[in-house]
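Chemist: Take this structure, written in structure tokens, and hold onto it; I'll ask about it next.
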Amino acid sequence: MSIEAAWWDYDVIVVGSGGAGSAAAQAASERGARVLVVSKDPIGCSDTKISEGKVTVRATGEDSDTEQALSDNLRMGGGSIPDKAITQVFARDNRAAYDWYRQRGARPKVDAKRGGPRPVSIAMGGHTKRRTIGHANSGVALSHATWTAVVQTPRVDYMEDAWFLDVVITEATDVGGQRVVGGIVYDASGGRLVVARAPAVVIAAGGLSTLFFPKTDTMRGNTGDAYAVMARAGADLIDMEQLQFLPFCLTSPPSYEGLLCGEPSVASFMGDLLDKNGKVILDCVMLRTRAECAAAIMLAVEDGRGTTNGGAYLDLTKNAQAPLSGDHFKRYLQQVMPSAYRNVRQAMSKAAGQLKEPWEVRPAAHYMMGGLRADPDGGAFAEESRDAIAGLYAAGQAMGGVFGANRLGSTALAECAIFGIRSGHSAAAHALAHNNKVADAAFQPALAAAAKLFGRDGNQSAAVLKVELQDAAWANIGPVRSVQRLDRFEAVCTRIEAALANVGIPAYSSWNQAFIEYIELANMLVCGRAIAAAARERDGSVGGHVRSDGPQISVFAKPYSTVIRRGEDGMFMARRIGREGLPFGRLGAYLVGDFWRKAKLRVLRRLPAPISDRRIRKHYEAVMNKTVGPLEIEPGSLAGAPAESVQG
Amino acid sequence: MKVEIVTNRDGKVAVVEYDYQSRSVDEKPMVLDVLLQAQLNGHADLAFRYGCRARNCGVCTVDINGRPRLACRARIRDGDRISAMATLPVLADLVVKRDGIARQMRGRMPVQAAGNDLNVEAPEDYHALTACVECYACLHNCPMHAKNLKFDEGGVTAAVAADEGYLWGNPFSLLKLQIVRLDPLSSQAEKDEAVTQARDLGLDVCTNCPGCKCGVGIDLKNKVVKELLDAAGLAAGG
Ligand SMILES: Cc1cc2nc3c(=O)[nH]c(=O)nc-3n(C[C@H](O)[C@H](O)[C@H](O)COP(=O)(O)OP(=O)(O)OC[C@H]3O[C@@H](n4cnc5c(N)ncnc54)[C@H](O)[C@@H]3O)c2cc1C
Ligand code: SF4
Ligand code: SF4
Ligand code: FES
């Protein structure tokens, strides 16, 4: 064996150092566990850090925002597919979990009267209530908190530049099923493999958006390692066809392609979504879900009505040019999406940045709603004890069941804290009760498999194959799908899987990029197969899953989730499990509310301009908090950056 | 467009010339575009870090003609030389070992807020400092950090110091300590301790230094170094 291996012992291994991983590590340590955090990116450098930093906190805007209101909102927004028990826990733990960030330094504006953090001016991202808290410096501010949790918490050790390769499981002869005994890690910085023995592993390794291009500002490391590792361990994954594409992302220049430039809510009252001929392709944009907008754009593109760069126009000019409400709109834009608006100003023309021209936009891959089929503590769920994988947990984006067919805006960062803490506590309890030593032989096969990849001959490049896979994924398992496309995609997977055997990897052990690319490509392939299997099973459109060859699934149909499990041959078997829909009365009320909001907006938009302008101004004045001034500096502002002095 | 990329594989340093193929006539590519294209175009093993492509994650810093820049938002010009940051040990090609910087802060800061009432707003300067994306561009020309790289006493080499966490500080570590001092939820004892820690990391060196520069424009000189020097009763010079 050319690469050496170190053997370590812990109680809990946490994979990932974003919001979910940091919270899990801190929570597990709080319960007395010795924790190892494994992070392939530098500690804290994650989607959590680069996000807009908006966090859902219940009852910050109004008292009527009960636990049931939030839980119903998640379930309805998610096409009735979310797991009821999980959404209830979300609603219950939400406020306390948000304070986890504040205890480590997140300092939002405070509403002194209500005695809590102050929400942004409108209910955004599909929420029925105002309950979204913003932070100066967006997600970067939260990353200081997660950094503190990993670096400063006692009993938490960490390694960065470290790729978690697989969990190791053995038969659990006493209780039936399997149990986790640890994992294998490539320590790129130390130039070695690490066998970490531990009775519990929390997978908080984020999403899989890198399977696609274009994708949003999500980190490159989103290669789906979380899902691939869990699938190889034999765990059930749920709702893997439910992928969120953000509708409004940049189309060019190439360095900016896919970066976030807006949300449905930025369309505000007068925004329009237009095809290349200036024809409206979707009305009431501000009230639509991300999925509806993304699907509308892609269907127009398929129909030959797309813009030069394969997108549509988001026209905000009417909002900005309104004599009375225009300035309010511009401030609102700054306030709700500072980083996205900055992307626009850097990438688009001056006129577009000043809102005098429509923005050319296109969808990009963003967030995986599916993930581990888990109980409300993030533990792998098993219908029967022989299927159990004791000690396997997931939190954050890697966990499924929380959002179903669509995630409401600002709920992901709340999810990280809520289920990070719960999984950490529960993993610690499990580990401390099951910390008997396991024979080293259990780890040998996984260790040997990783070691023998170093110094392997081959003429294929994993980096090149990755791009091929991304293209095929976008075209076939992206925002529009059909059986024909799924067939085509799986054929590409088969071809790339074969090419994988010929990927060359040099023998050196310290930061071996070829090894890293190989591992990530292999994980992306597993994820592609997983999405395709789930997408086949759901033969109609709902939420983030749009089938061009199937019907729209009615909100009154009995809701179900797809569940997939990977077989020995690498193929996934899919089945359905029924979900409990919202009681008819609450479903009806929700739909009537939605219809009513759209009707009101349509009427407002047909009023003579001076009248609608006055009404819109009144709305902004009522809800906008006027004290939010521009920040002195923003991360990445052009004003700063002496080390970068923009060169032409 | 021809650029040079300094590679470093398994300890062997080489300079690779790469000819960037523009994707459109008026393209003004970023450094990261060059690296991504090179990786697909004959340099499959090229090692470099990046994350968000949008100047938020802070991991893509490389030296362009010897000065640190964020690869995803620095335009590249004909003849530019791309190399690893000179201020940290190289792991491969453009990838440096960053770990020793954060690790040196272990145990030097509070684990969590001391105050119980979380409904307190922080001053503007607090937010000015939490804009730090941890890109480590500020290590460039920092004489305090430079002491780590020369450090070779008692058989302890720079590489070992990087593993255990560096002994000497840098603008980033001082910024972290100053954040503690600006947090309304820190206790007085914690604020005092932050100054002690800054001195322990070598704050004295700052008295003879023209001051540091931040990669995203934070006013480190006035908002971090001067504040800490004042609190420690040291006079700024230089
Ligand atoms: C541009 C943008 C804006 C957003 N804005 C918001 C917002 O305003 N509000 C909101 O709620 N949500 C937002 N989101 C979504 C949200 O940021 C993410 O869903 C959330 O941060 C995910 O957190 P996580 O802890 O699950 O994963 P991440 O924060 O992505 O962390 C994943 C961690 O796992 C590590 N990792 C991955 N694979 C491995 C491996 N094999 N071995 C070791 N480590 C590994 C990574 O290095 C990283 O540390 C936004 C996302 C983007 C991209
Ligand atoms: S002022 Fe201090 S921290 Fe800043 S560069 Fe000089 S020595 Fe380094
Ligand atoms: S202080 Fe500035 S230069 Fe230094 S790490 Fe932070 S953002 Fe980068
Ligand atoms: S890639 Fe994130 S800052 Fe450059």
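Going down the list, the protein sequences come from chains A and B. Using this note's numbering, you'd call the opening residue of the first sequence number 1 and step up by one each time. Using this note's numbering, you'd call the opening residue of the second sequence number 1001 and step up by one each time. Built from N, CA and C at the ideal position, the CB exists for glycine as well.
(1) Name the two residues that bound the continuous alpha helix (DSSP H) containing residue 1048 (chain B).
(2) Taking 7 angstroms as the cut-off, is the C-beta of residue 1050 (chain B) nearer than that to any heavy atom in ligand 4?
(3) Flag residue 77 (chain A) as yes when its Cβ comes closer than 7 angstroms to any non-hydrogen atom of ligand 1, and as no otherwise.
(4) Helix, strand or coil, according to DSSP, for residue 283 (chain A) in the structure here?
(5) For residue 493 (chain A), which residues from the same chain have a beta carbon less than 7 angstroms from its beta carbon, with the 5 sequence-adjacent residues on both sides left out?
(6) Helix, strand or coil for residue 193 (chain A) per DSSP?
(7) Which complete beta strand (DSSP E) runs does the region 1104-1144 of chain B hold, if anything under 3 residues is left out?
(8) Would you call the region 19-28 of chain A and the region 405-421 of chain A in contact, with 3 or more CB pairs under 8 angstroms?
(9) Anything in the region 503-517 of chain A with a Cβ closer than 7 angstroms to a Cβ of chain B? List those residues in chain order, please.
(10) Can you check DSSP and say which residues form a bridge with residue 8 (chain A)?
(11) Can you give the Cα-Cα distance for residue 1084 (chain B) and residue 80 (chain A), rounded to whole angstroms?
(12) Using DSSP with H/G/I as helix, E/B as strand and the rest coil, what is residue 182 (chain A)?
(13) Taking all protein chains shown into account, do 16 or more other C-beta atoms lie within 10 angstroms of the C-beta of residue 573 (chain A), making it buried, or fewer, making it exposed?
(14) Using a Cβ-Cβ cut-off of 8 angstroms, state whether residue 1053 (chain B) counts as contacting chain A.
(15) In whole angstroms, what separates the C-alpha of residue 509 (chain A) from that of residue 518 (chain A)?
(16) Relative to the C-alpha of residue 654 (chain A), which candidate in A:613, A:2 and A:17 has its C-alpha closest?
(17) Would you say residue 1127 (chain B) reaches chain A, if we count a Cβ-Cβ gap shorter than 8 angstroms as a contact?
(18) For the alpha helix (DSSP H) holding residue 1017 (chain B), just list the boundary residues, first then last.
(19) Per DSSP, residue 1064 (chain B) is paired with what?
(20) Need the endpoints of the beta strand (DSSP E) that residue 261 (chain A) sits in, please.
(21) Between the alpha carbons of residue 1070 (chain B) and residue 1048 (chain B), how many angstroms are there, rounded?
(22) Are the CB atoms of residue 652 (chain A) and residue 391 (chain A) nearer to each other than 8 angstroms?
(23) Count the other C-beta atoms from every protein chain shown that fall within 10 angstroms of the C-beta of residue 1008 (chain B), then say buried if there are 16 or more, exposed otherwise.
(24) Could you give the distance in angstroms between the alpha-carbon of residue 643 (chain A) and the alpha-carbon of residue 389 (chain A)?
(25) Nearest chain B C-beta to residue 451 (chain A) closer than 8 angstroms, yes or no?
(26) When burial is assigned at 16 or more other CB atoms within 10 Å of the CB, is residue 1164 (chain B) buried or exposed?
(27) Which word fits residue 1097 (chain B), buried or exposed, when buried means at least 16 other C-beta atoms lie within 10 angstroms of its C-beta?
(28) Against chain A, with Cβ distances strictly below 8 angstroms, would residue 1091 (chain B) count as a contact?
(29) Which term fits residue 452 (chain A), buried or exposed, when burial requires 16 or more other beta carbons within 10 angstroms of its beta carbon?
(30) Going straight from the alpha carbon of residue 310 (chain A) to that of residue 362 (chain A), what length do you get?
(31) Between residue 645 (chain A) and the rest of its own chain, which residues show a CB-CB distance below 8 angstroms, the 5 nearest in sequence each way excluded?
(32) Examine chain B for any beta-carbon lying closer than 8 angstroms to the beta-carbon of residue 567 (chain A), and answer yes or no.
(33) Return the bridge partner residues of residue 479 (chain A) from the DSSP annotation.
(34) Comparing C-alpha positions only, which one of A:595, A:532, A:522 and A:77 sits nearest to residue 564 (chain A)?
(35) Are the beta-carbon atoms belonging to residue 470 (chain A) and residue 212 (chain A) less than 8 angstroms from one another?
(36) Please state whether DSSP places residue 249 (chain A) in a helix, a strand or coil.
Modeler: This is what the structure holds:
(1) Residue 1048 (chain B) sits at position 48 when you count from the first residue of the second sequence. It is not in any alpha helix (DSSP H) - residue 1048 (chain B) carries neither H nor E in the DSSP assignment.
(2) The residue you call residue 1050 (chain B) lines up with position 50 of the second sequence. Checking every heavy atom of ligand 4 against the Cβ of residue 1050 (chain B), one is found closer than 7 angstroms.
(3) As a first step, residue 77 (chain A) must be located in the first sequence, where it is residue number 77. Ligand 1 never approaches residue 77 (chain A) closely enough for any of its heavy atoms to be under 7 angstroms from the residue's Cβ.
(4) Walking along the first sequence from the start, residue 283 (chain A) turns up at place 283. Secondary structure at residue 283 (chain A): coil, using DSSP grouped into helix, strand and coil.
(5) Taking the first sequence and counting its residues from 1, the one referred to as residue 493 (chain A) is at position 493. 525, 528 and 529.
(6) Mapped onto the first sequence, residue 193 (chain A) falls at position 193. Residue 193 (chain A) falls in the strand class under three-state DSSP.
(7) none
(8) With a cut-off of 8 angstroms, the region 405-421 of chain A and the region 19-28 of chain A count as touching, because enough Cβ pairs lie within range.
(9) 506, 508, 510, 511, 513 and 514
(10) Residue mapping note: residue 8 (chain A) aligns to position 8 of the first sequence, counting from 1. Partner(s): A:196.
(11) Taking the second sequence and counting its residues from 1, one reaches residue 1084 (chain B) at position 84. Taking the first sequence and counting its residues from 1, one reaches residue 80 (chain A) at position 80. Each residue's alpha carbon lies about 50 angstroms from the other.
(12) By one-based count along the first sequence, residue 182 (chain A) stands at place 182. Correct three-state label for residue 182 (chain A): strand.
(13) Position 573 of the first sequence, counted from the start, is the residue given in the question as residue 573 (chain A). Classification for residue 573 (chain A): exposed.
(14) Your numbering for residue 1053 (chain B) matches position 53 in the second sequence. So, interface residue.
(15) As a working mapping, residue 509 (chain A) is identified with position 509 in the first sequence. As a working mapping, residue 518 (chain A) is identified with position 518 in the first sequence. Rounded to the nearest angstrom, the two C-alpha atoms are 14 angstroms apart.
(16) The question about residue 654 (chain A) has no answer, for chain A in this structure spans 1 to 648.
(17) Locating residue 1127 (chain B) in the second sequence gives position 127, counting from the first residue. Output row for residue 1127 (chain B): interface = yes.
(18) In the second sequence, residue 1017 (chain B) corresponds to position 17, counting from 1. Following the DSSP letters along the chain, one finds residue 1017 (chain B) in no alpha helix (DSSP H) but inside the beta strand (DSSP E) bounded by residues 1012-1019.
(19) Taking the first residue of the second sequence as 1, we reach residue 1064 (chain B) at position 64. In DSSP, residue 1064 (chain B) forms a bridge with B:1067 and B:1082.
(20) Position 261 of the first sequence, counted from the first residue, corresponds to residue 261 (chain A). Where residue 261 (chain A) is concerned, the enclosing beta strand (DSSP E) stretches over 260-262.
(21) Along the second sequence, read from residue 1 onward, the residue named residue 1070 (chain B) stands at position 70. Along the second sequence, read from residue 1 onward, the residue named residue 1048 (chain B) stands at position 48. C-alpha separation (whole angstroms): 12 angstroms.
(22) A question about residue 652 (chain A) goes unanswered here, because the residues of chain A that appear run from 1 up to 648.
(23) Stepping through the second sequence from its first residue, residue 1008 (chain B) is reached at position 8. Label assigned to residue 1008 (chain B): buried.
(24) As a working mapping, residue 643 (chain A) is identified with position 643 in the first sequence. As a working mapping, residue 389 (chain A) is identified with position 389 in the first sequence. Annotation note: pLDDT 31 at residue 643 (chain A) (below 50); position unreliable, no value reported.
(25) The count along the first sequence starts at 1 and reaches residue 451 (chain A) at position 451. So, not an interface residue.
(26) As a first step, residue 1164 (chain B) is located in the second sequence; it is residue number 164 there, counting from the start. Per the 10 Å Cβ criterion, exposed.
(27) By one-based count along the second sequence, residue 1097 (chain B) stands at place 97. Flag for residue 1097 (chain B) reads buried.
(28) Against the second sequence, residue 1091 (chain B) aligns to sequence position 91. At least one chain A Cβ lies under 8 angstroms of residue 1091 (chain B).
(29) Position 452 of the first sequence, counted from the start, is the residue given in the question as residue 452 (chain A). So residue 452 (chain A) counts as exposed.
(30) The residue you call residue 310 (chain A) lines up with position 310 of the first sequence. The residue you call residue 362 (chain A) lines up with position 362 of the first sequence. Approximately 7 angstroms, taken between the alpha carbons.
(31) To locate residue 645 (chain A), count along the first sequence from 1; it is residue 645. Annotation note: pLDDT 31 at residue 645 (chain A) (below 50); position unreliable, coordinate value reported separately. Cβ within range, chain order: n/a, list empty.
(32) Along the first sequence, one-based indexing puts residue 567 (chain A) at 567. So, not an interface residue.
(33) On the first sequence, position 479 is the one that residue 479 (chain A) refers to. Residue 479 (chain A) is not bridged to any residue.
(34) Here residue 564 (chain A) is taken as the residue at index 564 of the first sequence, counted from 1. With distances taken between Cα atoms, residue 564 (chain A) lies closest to A:532.
(35) As a position in the first sequence, residue 470 (chain A) is number 470, starting the count at 1. As a position in the first sequence, residue 212 (chain A) is number 212, starting the count at 1. In contact: residue 470 (chain A) and residue 212 (chain A) (Cβ atoms closer than 8 angstroms).
(36) The residue given as residue 249 (chain A) occupies position 249 in the first sequence. In the three-state reduction of the DSSP assignment, residue 249 (chain A) falls in the strand class, which pools E and B.
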